[in-house]
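Heads up: the structure comes next, in structure tokens.
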Amino acid sequence: MTQLEAPKATKVVTHHQLPEKWKWYDYFTFNTDHKVIGIQYLVTAFVFYLIGGLMAVAMRVELYTPESDVLDPSLYNAFMTNHGTLMIFLWIVPAAIGGFGNFLIPLLIGARDMAFPKLNAIAFWLNPPAGALLLGSFVFGGSQSGWTAYPPLSLITANTAQSMWILSIVLVGTSSILGSLNFVITILKMKVPSMQWTQMPLFCWAILATSFLALLSTPVLAAGLVLLLFDINFGTSFFKPDAGGNVVLYQHLFWFYSHPAVYLMILPIFGIMSEVIPVHARKPIFGYKAIAYSSLAICVIGLFVWVHHMFTSGTPPWMRMFFTISTLIVAVPTGVKIFGWVATLWGGKIRFTSAMLFAIGLLSMFVVGGLGGVTLGTAPFDLHVHDTYYVVGHFHYVLFGGSVFGIYAGIYHWFPKMTGRMLNETWGRVHFALTFIGTHLTFLPMHQLGLQGMPRRVAMYDPQFAGINHICTFGAIILGISVLPFFINVVWSWMYGTKASDNPWDALTLEWTTASPPAIENWEVLPVVTHGPYDYGKSDVAANGTAQPAV
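For what it's worth, the UniProt record's numbering labels the leading residue of the sequence shown as 1, then goes sequentially.
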């Protein structure tokens, strides 16, 4: 621009052109505010969690006795398939990434919104029709091929329902790709200039790694499912063994996404842990850089472990050895995180809030699940327990004891910021106790069932396994009951709970520098970062969590 040129006018949307705050009905509309979208994700995902949980309780009641006396075997298969699908694709992934990610990322990095607000809204609104397709498939018998949809079984059972299942997962996958692209651009381009990379909250590092992983792996699953859809409906033979197709190829395409999907579900939870523990232990996080870089390491190594799900699929010995080694290696960055959290707790002034209880509970659960994962990732052991209840026990310790406990910790921690109200801590502790006891009763005995040889995904079993199944069913009922105090607590507190201050936990990350709930544009003036996000106890940070003025 020369000295004679006048600067071009730019259209600026001021705060006064927006309402002071959103009304309740705005949460049912196509709203582009990242905070509204985050709450839409969380509430919608919780509804699907309730539906999937009811299916789980029904299956456990069926498994109380060896005979098929509650659910018809076909209905049991449909419940088993769709329970797993709902919990993974419509509960944990949308809640952990879409819910907490959308609500928190702009607040944590000092931005007013996501990079692409309309794309963000589109990503959310792909989820309700995906859920409707999945549940609507029960009109046609429901998909009965398991949540892995392995051919040839998926080619010959309930074809209309199976096609609806595939379309549902493709919609969710598209949502995941759009959301991940938005997160990457937002974090890389929109953090406040005063925030250095080493001052970025660890939740942001976790979401960044998760987004890269989703962008690399999700298209592979979508391709495999589209090919399967063509085999079912259009006469192709990509996976039909009697027509020259290759069923093992489908397994490779499926697991190249679906093992990284485990990290899509747990990496955001690791980020939540790294935010909750330092605040409630009143200590700086131990090993900030190690925890941040370990998220990126999991992202890379996680792409090279998928074949450990296929050790019994005719995998050659050299491949078993390679993927056994890579599976053991991926446990190292996870161990780095756990060590960092335990070291943060050590010697801290721990406040046993509901959020902290769930975070500590997650630590114990995930260690049990992780040890089970190490054994299953070792080919000689996996060959003996593959497709037994040992796998079910391990899987649920990682995903329920890990991801769901982490989601609960995040809700108890950030509920005051989301709603401006405090949750009732007494009911929070009741919720934790029931959930902790129910999880161990339900899933720990499953390891013994697997070692004794009980196969998974069956409605009828040998009577010798009945005793342990009784314990698992009692645990599942306790887990089902545990949701009630949480649900009542959230609804009551949202309407009538004690009003929260802007920073009830005296935390140091940027989201606590705005109002509770935040203003529509987050801040009138963007914040300036003057200290690290975990500088608890530092001399230049006040006791109430605010930076001291520079001298």
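Each residue gets a CB set at the ideal place from its N, CA and C atoms; glycine is no exception. Keep in mind the model is a prediction, meaning the values are calculated, not measured.
Check	Outcome
Euclidean distance between Cα positions of Gly-340 and Phe-286	5 Å
Residues near Ala-223 in its chain [Cβ-Cβ closer than 7 Å; skip 5 each side]	Leu-253
Beta-carbon contacts of Thr-513 that lie in its chain and below 6 Å, excluding the five residues immediately before and after	Pro-527
Neighbourhood of Ser-326 by C-beta distance below 7 Å, restricted to the same chain and skipping five residues each side	Ile-301, Phe-304 and Val-305
Inter-stretch contact at 8 Å, needing at least 3 Cβ pairs: the segment 181 to 188 / the segment 131 to 141	no
His-384 classed as buried or exposed, judged by whether at least 16 other C-beta atoms fall within 10 angstroms	exposed
Gly-373 vs His-394 beta-carbon contact at 8 Å	yes
His-15 classed as buried or exposed, judged by whether at least 16 other C-beta atoms fall within 10 angstroms	The predicted position of His-15 is uncertain, since its pLDDT is 42 and thus under 50; a value taken from the coordinates is nonetheless stated next. Burial call: exposed.
Beta-carbon spacing of Phe-358, Ala-409 below 8 Å	yes
Expected contact under 8 Å - CB spacing of Gln-162 and Ser-175 to nearest Å	Actually they do not touch by this definition, with Cβ atoms about 21 Å apart.
Residues near Leu-296 by beta carbon distance below 7 Å, same chain, minus five either side	Ala-209
Rounded straight-line distance, which links the Cα of Met-321 to that of Pro-333	20 Å
Segment contact, 8 Å Cβ cut-off, at least three pairs: the segment 51 to 60 with the segment 26 to 36	no
Other residues of its chain near Ile-350: CB distance less than 6 Å, five sequence neighbours each side excluded	Ala-281
Coil, strand or helix - Thr-29 by DSSP	coil
Sequence-distant residues of its chain with Cβ nearer than 7 Å to Ala-115 (five each side left out)	Asn-182, Ile-185, Thr-186, Lys-189 and Met-190
Simplified DSSP assignment, three categories, for Thr-236	coil
DSSP state of Ala-547 mapped onto helix, strand, coil	Residue placement at Ala-547 is poorly supported in this model, since its pLDDT is 42, which falls under 50; the coordinates are not used for a value here.
Arg-429 vs Ser-354 beta-carbon contact at 8 Å	yes
8 Å Cβ cutoff met for Gly-402 and Ile-266	yes
Helix, strand or coil at Ala-519 [DSSP, three-state]	strand
CA-to-CA distance, Lys-35 to Ser-194, given in whole angstroms	23 Å
Classification of Ile-478 by the beta-carbon crowding that lies within 10 angstroms, buried from 16 upward	buried
Three-state secondary structure (DSSP) of Thr-388	strand
Residues that Pro-455 bridges to, as DSSP identifies them	Thr-388
Nearest-angstrom Cα separation, counted from Phe-234 out to Ile-329	42 Å
Beta-carbon proximity list for Leu-171, same chain, < 8 Å, skipping 5 on both sides	Leu-126, Asn-127, Pro-129, Ala-130 and Leu-133
Proximity winner among Val-392, Ala-78 and Glu-524, relative to Thr-157 (alpha-carbon distances)	Ala-78
Residues of its chain near Phe-436, where Cβ-Cβ distance is below 7 Å and the 5 sequence neighbours each way are ignored	Gly-361
Distance between beta carbons of Gly-420 and Pro-517, contact taken as under 8 Å	5 Å
Nearest neighbour of Leu-215, chosen from Gly-406, Gly-173, Trp-255 and Ser-237 [CA to CA]	Gly-173
Coarse secondary structure for Lys-35, derived from DSSP in three states	helix
Lys-499, DSSP secondary structure in three states	strand
Other residues of its chain near Tyr-218: CB distance less than 7 Å, five sequence neighbours each side excluded	Looking at the sequence shown, residue 218 is not Tyr but Thr. Gly-173, Ser-176, Ile-177 and Tyr-257, listed in sequence order.
Inside the segment 256 to 323 only - alpha helix (DSSP H) runs reaching at least 4 residues	260 to 281 and 288 to 301
Selected residue, minimal CA-CA separation from Pro-94, among Pro-268, Ala-343 and Leu-229	Pro-268
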